[in-house]
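There are 2 protein chains.
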Amino acid sequence: MKLTGELVIGQRRTRGTGGDFHAQAADGGEMPDPVFGGAVTSDVDTACTLAESAFDEYRQLSAERRAAFLEAIGEEIMAIGDALPERAHKESGLPMARLTSERQRTVNQLRLFARLVREGRNEAPVLDSPLPDRQPPRADLRQRRIPLGPVAVFGASNFPLAFSVAGGDTASALAAGCPVIVKAHEAHPGTSEMTAVAIMRAAARTEMPDGVFSMLFAHDMTIGQALVRHPAIQAIGFTGSRQGGIALLRLAQARPQPVPLYAEMSSINPVFLMPAALEARAEKIAEGFAASLTTGTGQLCTNPGLLIAFAGPALERFQNTVASVLPTLPPTLMLTSKICQSWREGIDRLSHNPKVSRVAGRPNDQEQGRAGGVLFRTNAAAFLSDPALEDEVFGPGSLLVVCQDFNEMRLVAEHLSGQLTATLHLEPNDYPMARGLLPVLERKAGRILVNDYPTGVEVCDAMVHGGPWPSTSDSRTTSVGSEAIDRFLRPVCYQNLPEDLLPASLKSTNPLHLWRRRDGTPVQDQ
Amino acid sequence: MKLTGELVIGQRRTRGTGGDFHAQAADGGEMPDPVFGGAVTSDVDTACTLAESAFDEYRQLSAERRAAFLEAIGEEIMAIGDALPERAHKESGLPMARLTSERQRTVNQLRLFARLVREGRNEAPVLDSPLPDRQPPRADLRQRRIPLGPVAVFGASNFPLAFSVAGGDTASALAAGCPVIVKAHEAHPGTSEMTAVAIMRAAARTEMPDGVFSMLFAHDMTIGQALVRHPAIQAIGFTGSRQGGIALLRLAQARPQPVPLYAEMSSINPVFLMPAALEARAEKIAEGFAASLTTGTGQLCTNPGLLIAFAGPALERFQNTVASVLPTLPPTLMLTSKICQSWREGIDRLSHNPKVSRVAGRPNDQEQGRAGGVLFRTNAAAFLSDPALEDEVFGPGSLLVVCQDFNEMRLVAEHLSGQLTATLHLEPNDYPMARGLLPVLERKAGRILVNDYPTGVEVCDAMVHGGPWPSTSDSRTTSVGSEAIDRFLRPVCYQNLPEDLLPASLKSTNPLHLWRRRDGTPVQDQ
Numbered sequence: 001m002k003l004t005g006e007l008v009i010g011q012r013r014t015r016g017t018g019g020d021f022h023a024q025a026a027d028g029g030e031m032p033d034p035v036f037g038g039a040v041t042s043d044v045d046t047a048c049t050l051a052e053s054a055f056d057e058y059r060q061l062s063a064e065r066r067a068a069f070l071e072a073i074g075e076e077i078m079a080i081g082d083a084l085p086e087r088a089h090k091e092s093g094l095p096m097a098r099l100t101s102e103r104q105r106t107v108n109q110l111r112l113f114a115r116l117v118r119e120g121r122n123e124a125p126v127l128d129s130p131l132p133d134r135q136p137p138r139a140d141l142r143q144r145r146i147p148l149g150p151v152a153v154f155g156a157s158n159f160p161l162a163f164s165v166a167g168g169d170t171a172s173a174l175a176a177g178c179p180v181i182v183k184a185h186e187a188h189p190g191t192s193e194m195t196a197v198a199i200m201r202a203a204a205r206t207e208m209p210d211g212v213f214s215m216l217f218a219h220d221m222t223i224g225q226a227l228v229r230h231p232a233i234q235a236i237g238f239t240g241s242r243q244g245g246i247a248l249l250r251l252a253q254a255r256p257q258p259v260p261l262y263a264e265m266s267s268i269n270p271v272f273l274m275p276a277a278l279e280a281r282a283e284k285i286a287e288g289f290a291a292s293l294t295t296g297t298g299q300l301c302t303n304p305g306l307l308i309a310f311a312g313p314a315l316e317r318f319q320n321t322v323a324s325v326l327p328t329l330p331p332t333l334m335l336t337s338k339i340c341q342s343w344r345e346g347i348d349r350l351s352h353n354p355k356v357s358r359v360a361g362r363p364n365d366q367e368q369g370r371a372g373g374v375l376f377r378t379n380a381a382a383f384l385s386d387p388a389l390e391d392e393v394f395g396p397g398s399l400l401v402v403c404q405d406f407n408e409m410r411l412v413a414e415h416l417s418g419q420l421t422a423t424l425h426l427e428p429n430d431y432p433m434a435r436g437l438l439p440v441l442e443r444k445a446g447r448i449l450v451n452d453y454p455t456g457v458e459v460c461d462a463m464v465h466g467g468p469w470p471s472t473s474d475s476r477t478t479s480v481g482s483e484a485i486d487r488f489l490r491p492v493c494y495q496n497l498p499e500d501l502l503p504a505s506l507k508s509t510n511p512l513h514l515w516r517r518r519d520g521t522p523v524q525d526q
Numbered sequence: 001m002k003l004t005g006e007l008v009i010g011q012r013r014t015r016g017t018g019g020d021f022h023a024q025a026a027d028g029g030e031m032p033d034p035v036f037g038g039a040v041t042s043d044v045d046t047a048c049t050l051a052e053s054a055f056d057e058y059r060q061l062s063a064e065r066r067a068a069f070l071e072a073i074g075e076e077i078m079a080i081g082d083a084l085p086e087r088a089h090k091e092s093g094l095p096m097a098r099l100t101s102e103r104q105r106t107v108n109q110l111r112l113f114a115r116l117v118r119e120g121r122n123e124a125p126v127l128d129s130p131l132p133d134r135q136p137p138r139a140d141l142r143q144r145r146i147p148l149g150p151v152a153v154f155g156a157s158n159f160p161l162a163f164s165v166a167g168g169d170t171a172s173a174l175a176a177g178c179p180v181i182v183k184a185h186e187a188h189p190g191t192s193e194m195t196a197v198a199i200m201r202a203a204a205r206t207e208m209p210d211g212v213f214s215m216l217f218a219h220d221m222t223i224g225q226a227l228v229r230h231p232a233i234q235a236i237g238f239t240g241s242r243q244g245g246i247a248l249l250r251l252a253q254a255r256p257q258p259v260p261l262y263a264e265m266s267s268i269n270p271v272f273l274m275p276a277a278l279e280a281r282a283e284k285i286a287e288g289f290a291a292s293l294t295t296g297t298g299q300l301c302t303n304p305g306l307l308i309a310f311a312g313p314a315l316e317r318f319q320n321t322v323a324s325v326l327p328t329l330p331p332t333l334m335l336t337s338k339i340c341q342s343w344r345e346g347i348d349r350l351s352h353n354p355k356v357s358r359v360a361g362r363p364n365d366q367e368q369g370r371a372g373g374v375l376f377r378t379n380a381a382a383f384l385s386d387p388a389l390e391d392e393v394f395g396p397g398s399l400l401v402v403c404q405d406f407n408e409m410r411l412v413a414e415h416l417s418g419q420l421t422a423t424l425h426l427e428p429n430d431y432p433m434a435r436g437l438l439p440v441l442e443r444k445a446g447r448i449l450v451n452d453y454p455t456g457v458e459v460c461d462a463m464v465h466g467g468p469w470p471s472t473s474d475s476r477t478t479s480v481g482s483e484a485i486d487r488f489l490r491p492v493c494y495q496n497l498p499e500d501l502l503p504a505s506l507k508s509t510n511p512l513h514l515w516r517r518r519d520g521t522p523v524q525d526q
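As they're listed, the protein sequences go chains R and A.
All the letters of the first sequence, read from the start, carry residue numbers 1 to 526 under full-length UniProt numbering.
All the letters of the second sequence, read from the start, carry residue numbers 1 to 526 under full-length UniProt numbering.
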């Protein structure tokens, strides 16, 4: 696919005149072609107006047609071939193996949402039978969910495929029946253009209404801001920094009509190393931890950035293993030079904190754009008294907080702000303590793991990739898995509608053979 | 029950020192006893801190115990006897028959939520089986929903029982597992105190943790504001004016940790009189409309404040019937003198609008605190050009908008802002036009009715008492019906937890016999 650097606005390519820029290779190399043109605010308006005009037709297409569109996007992504992961590799520095598996995940995610649409899970139909003999009589009441309207998506830097132009936000919004306008992440414009063209082709091939999808490059922040403020936009998906997420959230709230903004922002993903587990397998846990810490150069939302454990010989065995493993793992590229710069500043801050010591990792890596795993250590008293120690340092770093007793461990848990995940390594002898921690962790995190590592987020029904503030802007939702679609839907109740006027999902005959809640019970009736 | 005018803070009664006030009877009469004491901000802090301390114990009680508490509230409300509707009658002016049925609805609502809790609908359990042979293997992933935390509820003036201290917001939040702090509405403090004492007694009798419920009187706005701002509060339910709802919403958004505020604010509930239906039964529709308009002195959220129809003889028949019926209905008391004052100002504004004529109703009622039904008339061109004609006038008034053709009717529909309901009166010959309107109305309203009247909101699974901005602050939710509970819950995913540590709702053996989504399909397995 030949890149042009143009915007995608519905079925039209157009050159953005809001400032030219080049892609930056993660390794610092030159990427002269193409010149990307940033959008201007009139492009935002054009894309949003087109999305609004496409909305009613798009949302009323049959489930089958909408599902076919989602699957066609996956096919068009695969049809690009290796050029897509290769471009993503150059732009992000992520390894090819990771990017081809991320591509598979992206395609699988589209297929999952296609299946949900066919099953009517987006509509979640509910039927309550009339009670004509009751006093007062009860009417015939039915409910389904309909899409909110056009959705803006802000692609993430750390997943150029699975959390970007055709990632989870886009797939779930399109599945819900919402047109999507993506603001491409400036760290991978070429990857974004390729993916956007794939969606454009899929939309044309499956005869979707023009405007169901657009993608804009942005040379500065004004485009993203204009998108969040545009009256046609009814919800926003964002994955990125806390600072960026909160700024956009405040804009979305300040609109004359406030709209939901789903920001997945930051998390340090605490890992509790319980004593019996450490005693039984300190070395094994340490090896798994070192691998989890350095996966994707530590640039995963669920990177294990905090360890909590009791002092003692088992913990020293754990730490010694980490200290011996980390230097054997070669430093790997970070996504951008800016991210690498922030990483080094964060590591420097920790290194100069008198209450923190560096206990594992290669000696001050300064290789161009690369980072290796680092482990710092402090004690619970220091952690509890210094809020800066809870700040996320985006990259392969973690802080071990050593506690004197369970009470202190519990205090550390209670002290934490909202997280995407919390992990416990434990053995049956640790269950009593785990029972004391679990109620605290449920309030702190969206996902609780046992004897596993938080990196690796499965796309399935039960997944929650979300969590209390400030890990996300809305703890009631997930940005990964089936329930991501719920973010873009609202319920409508139909009272006494004649069969002829009811939507197919609610007709008495159940022509789509959907699972429906009927008089309180799930049934798949005929 | 002897009223004391004291606050309810957990199991303690305490006199508010933030300003004394008396209840005002709707008919203007004196209500000297008791003197109510408004809370001070330290009372807010005490109640919120107690709620927070009760939360973890309360949310972890068995479903059976939580359900028993909800049912006990209903029993304690009934145990007050007629003193409760009698007091509500004096304070609100609403008829006794309406208040005894509202009491029944309040109790039924508590029972409904008790049943939902027993069925585990609040937890909505999801199980995805592990796939150990897949590459990479999939972990064991399960999900349930847990409550958000302490909830603040602002009681409504127009339903002193069903949308107030023990109303839908309180019942659904308690059912979700959230402690509740109610700010009592100043229009019915005695009714509020009685109901709060009933909840307090139910909590004591069923041995709930102290702090699961509190009720505060407020002498001014500072108490409500302090409640919305308090860091322990994790969600807010509000029913009231648009101005009040938006002001509190902005406060909730501006917190360091933003929290959801569910405000149900205002709606004029458009009713479309389609031509074949008018032709067939103009008089019958008119009679039903006049009854719906004047129910509760028009002070229902779903009052039919807007009629849209084509000009012609059938419409004149409709209008003539309304004009002959309305004067036969005696004016009834409004909730407060302030509401009556606003009503008269609103009616005056419409009466002086040169593009509006008054076509039905008694000649300028000026009876103390009372209002009778009024119908105004304008044309579509005037309605489309004057935004003030879309303002809600709270009370038994409605505006008939006469359209020249279907195109104009559709323009009126598209012009509307978000509504709780939209109604169509139609016959089969009207279906083609209805098909043109329905997609517009779905985007405008939370509930669509055919050949029915919007007043009367059923408490059931399919109900949506909500709608797009500005009818509510969050179109994704309902404040009436089973799904009201969803507002106070968030999902948590459990990855690889041993059976011993899983919550009962997620154990493999399904000991609570719940319906669960397992590998994509609803099952009630053993």
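Quick reminder that beta carbons are idealized off the backbone N, C-alpha and C, glycines included.
Everything numeric in this text was worked out from a predicted model, so none of it was measured.
Alpha helix (DSSP H) segment containing residue i, residue limits
i: Ala53(R); result: Checking the displayed sequence, the identity of residue 53(R) turns out to be Ser instead of Ala. Run containing Ser53(R): 41-59, per the alpha helix (DSSP H) assignment.
i: Glu64(R); result: 63-79
i: Phe289(R); result: 275-294
i: Asp220(A); result: Segment: none, Asp220(A) is in no alpha helix (DSSP H) and carries neither H nor E.
i: Ala198(A); result: 189-205
i: Ser172(R); result: 168-176
i: Ser342(R); result: 337-352
Sub-9 Å separation of residue i and residue j beta-carbons
i: Asp128(R); j: Ala434(A); result: no
i: Ala162(A); j: Gln109(A); result: yes
i: Arg447(R); j: Gly467(R); result: yes
i: Asp500(A); j: Tyr431(R); result: yes
i: Val503(R); j: Glu123(R); result: In the sequence on display, residue 503(R) carries Pro and not Val. Yes. Within cutoff.
i: Ala232(A); j: Phe213(A); result: no
i: Asn303(R); j: Asn353(R); result: no
Per DSSP, the bridge partner or partners of residue i
i: Ala488(R); result: In the sequence as displayed, the identity of residue 488(R) is Phe instead of Ala. BP columns for Phe488(R) are empty, so no partner.
i: Ile448(R); result: Ala422(R), Tyr494(A)
i: Tyr262(R); result: Gly237(R)
i: Ile181(R); result: Ala152(R), Ser214(R)
Coarse secondary structure for residue i, derived from DSSP in three states
i: Pro147(R); result: strand
i: Leu400(R); result: strand
i: Asn379(R); result: strand
i: Thr302(R); result: coil
i: Leu141(R); result: strand
i: Leu502(A); result: coil
i: Ser357(A); result: strand
Endpoints, beta strand (DSSP E) assigned at residue i
i: Pro522(R); result: 521-523
i: Arg317(R); result: First-last for Arg317(R): 313-325, but that is the alpha helix (DSSP H), not the beta strand (DSSP E).
i: Thr14(A); result: 12-14
i: Leu7(R); result: 7-9
_Which residues of the stretch 432-455 of chain A have a Cβ closer than 8 Å to any Cβ of chain R? Give them in chain order._
Going along the stretch 432-455 of chain A in chain order, one finds Ala434, Arg435, Leu438, Pro439, Glu442, Arg443, Ala445, Gly446, Arg447, Ile448, Leu449, Val450, Asn451, Asp452 with a Cβ nearer than 8 Å to chain R.
*Against chain A: residues of the stretch 493-506 of chain R by CB proximity under 8 Å*: Cys493, Tyr494, Gln495, Asn496, Leu497, Pro498, Asp500, Leu501
*Which residues, in chain order, does the stretch 398-431 of chain R contribute to contact with chain A at a C-beta distance below 7 Å?*
Tyr431
*Proximal residues, the stretch 453-485 of chain A versus chain R, C-beta separation under 9 Å*: Pro454, Gly456, Glu458, Cys460, Asp461, Ala462, Met463, Val464, His465, Gly466, Gly467, Pro468, Trp469, Pro470, Ser473, Asp474, Ser475, Arg476, Thr477, Thr478, Gly481, Ser482, Glu483
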